[in-house]
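Quick note on the UniProt record's numbering: the sequence shown kicks off at 1 and runs consecutively. Presented below is the structure to which this report refers.
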Amino acid sequence: MTDPTDTPGGAAPDPADGLPSGARTPAPALARTPEELARMRARLGGRVALVPTMGSLHGGHRALMAAAREQADAIIVSVFVNPLQFGPGEDYEHYPRDLGADIRVCTEEGADLVFAPSAEDMYPGEQIVRVDPGEMGRVLEGEFRPGFFSGVLTVVCKLFNLVRPDAAVFGQKDAQQLALVRRMVRDLNLPVTIAAAPTMRDPDNLASSSRNAYLGSEERRSALALSKALLSGADASLTGPVGILSAARAVLDEAVAGDPPVTVDYLTLVDANTFAEVPSDFRGDAVLLVAARVGGTRLIDNVPLTL
């Protein structure tokens, strides 16, 4: 498969293109194969932090790189649209890809190395052995996207083995993914420190996501109900789980009847460690999560709470 971000002749784009004169910063090294990665990784000294991404980098990814700089002396950013985590009818073929733009972001954020392999390099043969996320990965996103977390954990495990980072940074926006990566690291004794970066939000408070680009202006206005519902739930945190969910659900009920409507996949309050729904008398760390569709775009968001 040809990577659609390749430039003619396979030459890498100039990350400094489009930057003001005098504002150019050193471009990160670019590795396209595991062999190139191994050679370039060996040249990096000190602690190394990995920021795994699927490209189409935005402000949320910039925050991950900033958090990575606090964890290590060098930053490696992986850019790979992972086919294992896309189910039938999902947007793998149409997922936005622009390696040149991604490298410019990495340059501006001071990344040292970008690893952008092809699917053939990451999966040179049929991937028979995969990481099983267990019951924790078969609820919520795992229920609506069967096999999703197996694909995520498998590619993350492969990246850890290839990059050999001291630390890796994930976003709180993908809270279930973050929790499962932490559990995989613990259960498989992987020598990686997992750090979390807070959810980045666009100026209108919509959680930053590559999929936001799919929203039309009217759809985006309807989508703002997700963050409004979470805020309403958080404001009711002193009333306990029942009050939190009631406050959030009231906002979403209005959005369901809106134009264009919001179709809710789930709204739930879970234990932050197990992702099991909390009982009405729960006390401790929790996460209020929502997933919904607006038009053809599926969005997720969450807010951590302590009850």
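Here a beta-carbon is modelled for each residue, glycine too, at the ideal position from N, C-alpha and C.
Going by alpha carbons, who is nearest to residue i out of the options?
{"i": "A209", "options": "T193, R182, G240 and K173", "result": "For clarity, residue 209 is Ser in the given sequence; the question names Ala instead. Checked all of T193, R182, G240 and K173; the closest Cα to S209 is K173."}
{"i": "V256", "options": "I244, G240 and A223", "result": "A223"}
{"i": "A72", "options": "G45, S237, L267 and R221", "result": "G45"}
{"i": "R43", "options": "K158, G284, L289 and L113", "result": "L113"}
{"i": "Q85", "options": "G142, P124 and D121", "result": "G142"}
{"i": "A66", "options": "E277, G243, T268 and F170", "result": "F170"}
{"i": "T25", "options": "T33, A49 and A111", "result": "A111"}
{"i": "Y123", "options": "A272, R298 and P34", "result": "P34"}
{"i": "T239", "options": "P279, L307 and S217", "result": "L307"}
{"i": "D285", "options": "A276, P304 and I300", "result": "P304"}
{"i": "M40", "options": "L30, L299 and D204", "result": "L30"}
{"i": "P198", "options": "F148, S78 and L178", "result": "L178"}
{"i": "F148", "options": "Y92, S217 and S118", "result": "Y92"}
{"i": "N189", "options": "D204, L299, N161 and A247", "result": "N161"}
{"i": "A276", "options": "E135, S118, A38 and P260", "result": "E135"}
{"i": "V139", "options": "P261, A196, T274 and V79", "result": "T274"}
Can you check whether the CB of residue j is closer than 8 Å to the CB of residue i?
{"i": "V181", "j": "V156", "result": "yes"}
{"i": "A175", "j": "N302", "result": "yes"}
{"i": "residue 309", "j": "R69", "result": "This structure does not reach residue 309, given that the chain is present from 1 up to 307, and the question cannot be answered."}
{"i": "P146", "j": "G87", "result": "yes"}
{"i": "A229", "j": "L252", "result": "yes"}
{"i": "G60", "j": "M200", "result": "yes"}
{"i": "A213", "j": "S227", "result": "no"}
{"i": "A38", "j": "A168", "result": "no"}
{"i": "L159", "j": "S78", "result": "yes"}
{"i": "R211", "j": "T297", "result": "yes"}
{"i": "residue 308", "j": "P241", "result": "The requested residue 308 is not part of the displayed model; the chain covers only 1 to 307."}
{"i": "R62", "j": "D166", "result": "no"}
Going by the DSSP bridge assignment, what does residue i pair with across the sheet?
{"i": "G171", "result": "A197"}
{"i": "P26", "result": "Bridge partners of P26: none, in fact."}
{"i": "T306", "result": "D285"}
{"i": "T297", "result": "V294"}
{"i": "A119", "result": "In DSSP, A119 forms no bridge with anything."}
{"i": "A31", "result": "F115"}
Looking at the C-beta of residue i, does it have a partner C-beta in chain B at a distance below 8 Å?
{"i": "Q172", "result": "Chain labels in this structure do not include chain B; a single protein chain is all it has."}
Taking the runs of the alpha helix (DSSP H) that are 4 residues or longer, which of them lie wholly in the segment 205-281? Fully enclosed alpha helix (DSSP H) runs of 4 or longer: 217-223, 225-235 and 240-256.
Assess contact between the segment 221-236 and the segment 95-105, defined as three or more Cβ pairs (one per stretch) separated by less than 8 Å. Is contact present? Touching, no, given that fewer than three Cβ pairs across the two stretches are closer than 8 Å.
Cβ contact (3+ pairs, closer than 8 Å) linking the segment 53-69 and the segment 119-129: Touching, no, given that fewer than three Cβ pairs across the two stretches are closer than 8 Å.
Would you be able to state if there are at least three C-beta pairs under 8 Å between the segment 281-292 and the segment 264-272? Verdict: yes, contact present.
Along the chain, which unbroken stretches of the alpha helix (DSSP H) at least 4 residues long are found entirely within the segment 47-117? Listed in chain order, the complete alpha helix (DSSP H) runs (minimum 4 residues) inside the segment 47-117 are 59-71 and 99-108.
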